[in-house]
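Residue numbers for the first sequence follow UniProt numbering, beginning at 1 and rising by one.
Here the structure comes first, spelled out in structure tokens, and everything after it is commentary.
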Amino acid sequence: MADTAPLPRPQGGPITSQLKSRQPKFRAAVDYMAGLNPEQREAVLLTDGPLLVLAGAGTGKTRVLITRIAHILLQGRAWPSEILAVTFTNKAAREMKERVNTFVTPLPELQWMGTFHSISAKILRRHAELVDLNPNFTILDTDDQIRLIKQLLAAENIDEKRWPARQFAGMLDAWKNRGLLPKDVPPADSGFFANGKGGKLYYDYQARLKTVNAADFGDLLLECIRLFRENPEVLAEYHRRFKYMLVDEYQDSNTAQYLWLRLLAQGKPAPEANICVVGDDDQSIYGWRGAEVDNILRFETDFPGAKVIKLERNYRSTANILKAASTLIAYNEGRLGKTLFTDIAEGGEAISFTQVYDSEEEARTIGEEIEQYQRQGDALNSMAILVRASYQMREFEERFITLGLNYRVVGGPRFYERKEIRDALAYLRLVAQPSDDLAFERIINVPKRGLGDATVKMLMETARHQRIPLLQAVRLMVQTEDLKPKQRSTLRALVAQFDDWAYRADSLPPYQLVEHILEESGYMDMLTADKSVESQGRKENLKELSRSMEDFESLGGFLEHISLVMDRDSADSGDAVTIMTLHSAKGLEFDTVFLPGWEDGTFPSQRSMDESGRAGLEEERRLGYVGITRGRKRVRISAAQNRRIHGLWQSAIPSRFIDELPPDVVEVTDRGSAYGGYGYGGGASSRFNKADPFESVYETPGWQRARANQANRRGSGPLTIEGDLVARSVDLGNQSSGYALGERVFHLKFGYGEVIQIEGNKLTIDFEKAGTKKVLESFIKKG
DNA sequence: CAGACAGCACTTTTT
DNA sequence: GTGCTGTCTG
1 MADTAPLPRP
11 QGGPITSQLK
21 SRQPKFRAAV
31 DYMAGLNPEQ
41 REAVLLTDGP
51 LLVLAGAGTG
61 KTRVLITRIA
71 HILLQGRAWP
81 SEILAVTFTN
91 KAAREMKERV
101 NTFVTPLPEL
111 QWMGTFHSIS
121 AKILRRHAEL
131 VDLNPNFTIL
141 DTDDQIRLIK
151 QLLAAENIDE
161 KRWPARQFAG
171 MLDAWKNRGL
181 LPKDVPPADS
191 GFFANGKGGK
201 LYYDYQARLK
211 TVNAADFGDL
221 LLECIRLFRE
231 NPEVLAEYHR
241 RFKYMLVDEY
251 QDSNTAQYLW
261 LRLLAQGKPA
271 PEANICVVGD
281 DDQSIYGWRG
291 AEVDNILRFE
301 TDFPGAKVIK
311 LERNYRSTAN
321 ILKAASTLIA
331 YNEGRLGKTL
341 FTDIAEGGEA
351 ISFTQVYDSE
361 EEARTIGEEI
371 EQYQRQGDAL
381 NSMAILVRAS
391 YQMREFEERF
401 ITLGLNYRVV
411 GGPRFYERKE
421 IRDALAYLRL
431 VAQPSDDLAF
441 ERIINVPKRG
451 LGDATVKMLM
461 ETARHQRIPL
471 LQAVRLMVQT
481 EDLKPKQRST
491 LRALVAQFDD
501 WAYRADSLPP
511 YQLVEHILEE
521 SGYMDMLTAD
531 KSVESQGRKE
541 NLKELSRSME
551 DFESLGGFLE
561 HISLVMDRDS
571 ADSGDAVTIM
581 TLHSAKGLEF
591 DTVFLPGWED
601 GTFPSQRSMD
611 ESGRAGLEEE
621 RRLGYVGITR
631 GRKRVRISAA
641 QNRRIHGLWQ
651 SAIPSRFIDE
661 LPPDVVEVTD
671 RGSAYGGYGY
681 GGGASSRFNK
691 ADPFESVYET
701 PGWQRARANQ
711 ANRRGSGPLT
721 IEGDLVARSV
731 DLGNQSSGYA
741 LGERVFHLKF
751 GYGEVIQIEG
761 NKLTIDFEKA
771 GTKKVLESFI
781 KKG
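In structure tokens:
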């Protein structure tokens, strides 16, 4: 992925026909076709011409891709360097490479197997000058991007409060995802931001990237597309090179990626293109990030004569789990329509749905269940908790810590996103690429050197006037009298240090270089001096960084790796329950899957429905489908009746998706009702037909039930407005004003207390232990 | 220039 | 409830 070694050319020209008579270069290490079912086999053998493999969850699509690559190599249809294999994550690319390696010997060097972004970066570095960059250009992370935008906003006198940099970053991203260069942005789009300045900002932003010799993630694809479009001879080179193209998770591709692929596939007329895409429209869960399900839906139009193979035989889950998942997903429209079936594990355990009082009880219940399964002999590794949003994770973590239950959180704050890592990287970037102004700005005063805004401003002024990088500006400024003596000597020393580091970078291995830099810059001293709890951890992270650099010989190679491969192999912490979001669970599987928080508003997420309406709801439903199909043997769904969102207690009703599950495979338990909440009415209304009978989001059974419930409450007391949020009371209406001032009451969370104020159904209570709090009447009981 | 407090915003996430 | 950012003050 990140190897910067020179690219070996494919030896020899077309080999398809001749090679059969020759000694094949690769041999099969194992019987690689063994165990494939007829559909999978067909998908492997149909190497030529466009092919769409629609693979439902757990049907072995990765297996097909890998075997296909092995087959192409073993048949001598192409050299490894002639195969383009694209994935979305580095993890997927790594796994694929490893698994092909187990099939084929000697080890093929699949240098064009990687993510869209890493492959694009590789191509761009080879032709950097054609897109106005140097081959050693920096790849910016989101942090740098935001800082750059802030500078542009300031330069344009745009109020950052009214027009946040984040928002603009989001728009930029969306434009780039759609493959739009500054000149292509529709006026309606560009006019929206900052009273019409959006378009200009995009131009300025791109210009600025070129001056600092950098590209952001979107650029990697966008500039690649521009490169291909403006330089047909370059494109033709890749047409000649790539004999076979394979794409994983095609349903997640966005417009830019689609254009990128289409350009590369144009080497042959569409009906003959050797392109194979694999995906599952039902698992498209990245629409909010610009993914276009349409790409997969229209593959057959893009490549006339394309073969379509459906993989529907599921090897993962029990029949009950598959039935639940299929029934749920059938409520979506616009599907390519697959039905999963299995010939293993008839029936199996029922899907369980449990209603609990609040998220704390949810964590407690799940904790107990996990321990029980563990006692029965299940490994913690075989269990996972899949949440909709990461804020749901904390409750589980806290509970598991109390229980002493080993857990691991996947996808928390990423290693590379940590402040200290970014600081260290900024030093390294500046050593490798002295014109990296963003890196310079990041570390000029970290650790504190007494170089504040005033000094930086002066440097930036000079840099802009002379059109030179900041580090260069420093060199100039220390020669003048413009700076105060103190700053001047500090800067002079700093420049000298950087020169020294740059000099040593050639001889020292990167992992030693970084240690020297951190020591000599005073960064380590800064952490030592910092007595806060985190600083020790930060030091350890930096050690970890240095350790991770041991595999790299050159600084450049390491930086490429770190900016593109941002995932970190989570150190296996032995047997542990996994906690992660539904999004990051795609592609994984567990014996037992817990799906907490199935409440309307949480899942499906209110925001998703508000922002994207029906499409949003359908994406949420696909997320539910992904969640359920992660389970091999057991799926346990739960919903809390009360949940605190942004510090505010909210009552909730079970997710409408519960009603969309087939009742005959769902077993309902209601623990929440013990506390006087309303019970689960039962999805027993049994509407589980194939087509979605509901015209709009608001006509699904869950929604209607919610409306009915709300109406009930409306009669019993006013809705309470707190902030912008409407707090819905769980009061069923039979005890609307049943409390008096001074009355002793009990609250499940806060304990006993005395009512000191009443406003409608909101009571102010002086709790014995928790102090004075305002709570909804329905959350308390008479003491 | 640096530390302290107040205000606000707060899905999902890879690259 | 929390964490970040931005402003105020020493």
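Glycine included, every Cβ here is placed at the ideal spot set by N, Cα and C.
*Kindly list the residues whose CB is nearer than 7 Å to the CB of residue 427, restricted to its own chain and excluding five residues on each side of it in sequence; keep chain order.*
Locating residue 427 in the first sequence gives position 427, where the first residue counts as 1. Here the set comprises 443, 517, 521.
*So, using beta-carbon positions, are residue 228 and residue 273 closer together than 8 Å?*
The residue you call residue 228 lines up with position 228 of the first sequence. The residue you call residue 273 lines up with position 273 of the first sequence. Their beta carbons are not under 8 Å apart, which means residue 228 does not touch residue 273 by this criterion.
*What three-state label does DSSP hand residue 669 in the structure shown?*
Taking the first residue of the first sequence as position 1, residue 669 is located at position 669. Annotated three-state conformation of residue 669 is strand, per DSSP.
*asked:* Taking the straight line between their C-alpha atoms, what separation do you get for residue 348 and residue 323?
replied: Translated into the one-based positions of the first sequence, residue 348 becomes position 348. Translated into the one-based positions of the first sequence, residue 323 becomes position 323. So the two alpha carbons sit approximately 11 Å from each other.
*Span separating the alpha-carbon of residue 597 from that of residue 535*: As a working note, residue 597 is residue 597 in the first sequence. As a working note, residue 535 is residue 535 in the first sequence. A straight-line Cα-Cα distance of about 35 Å links residue 597 and residue 535.
_Buried or exposed, going by whether 16 or more other CB atoms sit within 10 Å of the CB of residue 30?_
Against the first sequence, residue 30 aligns to sequence position 30. So residue 30 counts as exposed.
*Looking only at C-alpha atoms, which of 639, 188, 504, 743 sits nearest to residue 352?*
As a working note, residue 352 is residue 352 in the first sequence. Ranking the options by Cα distance to residue 352, first place goes to 639.
*In whole angstroms, what separates the C-alpha of residue 87 from that of residue 479?*
Against the first sequence, residue 87 aligns to sequence position 87. Against the first sequence, residue 479 aligns to sequence position 479. Rounded to the nearest whole angstrom, the C-alpha separation of residue 87 and residue 479 is 51 Å.
*Residue ranges of each alpha helix (DSSP H) run of no fewer than 4 residues wholly in the stretch 422 to 461, ordered along the chain?*
Complete alpha helix (DSSP H) runs here, min 4: 437 to 443.
*Please go through the same chain and pick out, in chain order, the residues whose beta-carbon is closer than 6 Å to the beta-carbon of residue 247, but skip the five residues on each side of it.*
Position 247 of the first sequence, counting from 1, holds the residue named residue 247. For residue 247, same chain residues with a beta-carbon under 6 Å away, outside a window of 5 residues either side, are 86, 277 in chain order.
_Continuous alpha helix (DSSP H) stretch holding residue 491: start and end_ = In the first sequence, the residue the question calls residue 491 occupies position 491. Note, residue 491: alpha helix (DSSP H), 485 to 505.
*Alpha carbon to alpha carbon, what distance is there between residue 453 and residue 215?*
Sequence index remark: in the first sequence, residue 215 carries index 215 (1-based). Sequence index remark: in the first sequence, residue 453 carries index 453 (1-based). Taking the Cα positions, residue 215 is about 26 Å away from residue 453.
*Within 10 angstroms of the Cβ of residue 503, are there 16 or more other Cβ atoms? Answer buried if so, exposed if not.*
Against the first sequence, residue 503 aligns to sequence position 503. Residue 503 comes out exposed.
*So, are the CB atoms of residue 438 and residue 144 less than 8 Å apart?*
On the first sequence, position 438 is the one that residue 438 refers to. On the first sequence, position 144 is the one that residue 144 refers to. Yes, they are a contact pair.
*Can you tell me where the beta strand (DSSP E) with residue 52 in it begins and where it stops?*
Counting from 1 along the first sequence, the entry for residue 52 is found at position 52. 51 to 55 is the span of the beta strand (DSSP E), which, as asked, contains residue 52.
*Do you know whose CA, among 418, 368, 654, lies nearest residue 399's CA?*
Taking the first sequence and counting its residues from 1, one reaches residue 399 at position 399. Among 418, 368, 654, the Cα nearest to that of residue 399 is on 368.
*Starting from residue 285, trace the beta strand (DSSP E) both ways and give me its first and last residue.*
As a first step, residue 285 is located in the first sequence; it is residue number 285 there, counting from the start. No beta strand (DSSP E) contains residue 285, which DSSP labels as neither H nor E.
*asked:* Tell me which residues share the same chain as residue 164 and place their Cβ nearer than 8 Å to its Cβ, disregarding the 5 neighbours each side in the sequence.
replied: Here the question's residue 164 lines up with position 164 in the first sequence. Contacts found: none.
*Measure the C-alpha to C-alpha separation of residue 161 and residue 417 and round it to an integer number of angstroms.*
Numbered from its first residue, the first sequence carries residue 161 at position 161. Numbered from its first residue, the first sequence carries residue 417 at position 417. Each residue's Cα considered, the two are about 24 Å apart.
*Can you give me the start and stop residues for the alpha helix (DSSP H) that residue 627 sits inside?*
Here the question's residue 627 lines up with position 627 in the first sequence. The continuous alpha helix (DSSP H) containing residue 627 extends over residues 606 to 629.
_Backbone secondary structure at residue 633 - three-state DSSP_ = Within the first sequence, residue 633 is the residue found at index 633, counting from 1. Residue 633: strand per DSSP, three-state reduction.
_So the candidates are 431, 583, 531; which of them puts its Cα closest to the Cα of residue 497?_
Counted from its first residue, the first sequence places residue 497 at position 497. Residue 497 has its Cα closest to that of 431, out of 431, 583, 531.
*Closest by CA to residue 286, which one among 592, 658, 585, 659?*
The count along the first sequence starts at 1 and reaches residue 286 at position 286. For the residues 592, 658, 585, 659, the minimum Cα distance to residue 286 belongs to 585.
*Can you tell me which of the three DSSP states residue 649 falls into?*
As a working note, residue 649 is residue 649 in the first sequence. Note: residue 649 maps to strand in three-state DSSP.
_Under 8 Å between C-beta atoms of residue 656 and residue 600_ = For the purposes of this step, residue 656 is taken as the residue at position 656 of the first sequence. For the purposes of this step, residue 600 is taken as the residue at position 600 of the first sequence. Taking 8 Å as the Cβ cut-off, residue 656 and residue 600 qualify as a contacting pair.
*asked:* If we require 4 or more residues per run, which alpha helix (DSSP H) segments fall completely within the stretch 267 to 330?
replied: The stretch 267 to 330 contains these whole alpha helix (DSSP H) runs: 293 to 297, 299 to 302, 319 to 329.
*What residue does the beta strand (DSSP E) around residue 193 start on, and which one ends it?*
The count along the first sequence starts at 1 and reaches residue 193 at position 193. Secondary structure note for residue 193: it is in no beta strand (DSSP E), with a DSSP letter that is neither H nor E.
*Nearest-angstrom Cα separation, counted from residue 605 out to residue 623*: The count along the first sequence starts at 1 and reaches residue 623 at position 623. The count along the first sequence starts at 1 and reaches residue 605 at position 605. When the Cα atoms are used, residue 623 and residue 605 turn out to be separated by approximately 11 Å.
*Test item: CB-CB of residue 40 and residue 311 under 8 Å*: Taking the first sequence and counting its residues from 1, the one referred to as residue 40 is at position 40. Taking the first sequence and counting its residues from 1, the one referred to as residue 311 is at position 311. Residue 311 is positioned such that its CB atom lies closer than 8 Å to that of residue 40.
_Cross-strand partners of residue 358 (DSSP beta bridge)_ = By 1-based counting over the first sequence, the position of residue 358 is 358. When DSSP reads this structure, residue 358 sits in a beta bridge with 642.
*Identified DSSP bridge partners for residue 599*: The count along the first sequence starts at 1 and reaches residue 599 at position 599. Answer is 654.
_On the criterion of 16 or more Cβ atoms from any shown chain inside 10 Å, does residue 660 qualify as buried, or is it exposed?_
Residue 660 sits at position 660 when you count from the first residue of the first sequence. Buried, since its Cβ has 16 or more Cβ neighbours within 10 Å.
*Cβ shell of residue 541 (< 8 Å), same chain only, five flanking positions each side left out*: The count along the first sequence starts at 1 and reaches residue 541 at position 541. Cβ within range, chain order: 415, 418, 420, 421.
*In the DSSP assignment, what are the bridge partners of residue 244?*
In the first sequence, the residue the question calls residue 244 occupies position 244. BP columns for residue 244 point to 83.
_Out of 355, 291, 451, 281, which one is the CA nearest neighbour of residue 337?_
Residue mapping note: residue 337 aligns to position 337 of the first sequence, counting from 1. The residue from 355, 291, 451, 281 with its alpha-carbon nearest to that of residue 337 is 281.
*Taking residue 283 as the reference, give the member of 74, 83, 250 with the closest Cα.*
As a position in the first sequence, residue 283 is number 283, starting the count at 1. The shortest C-alpha separation from residue 283 is found at 250.
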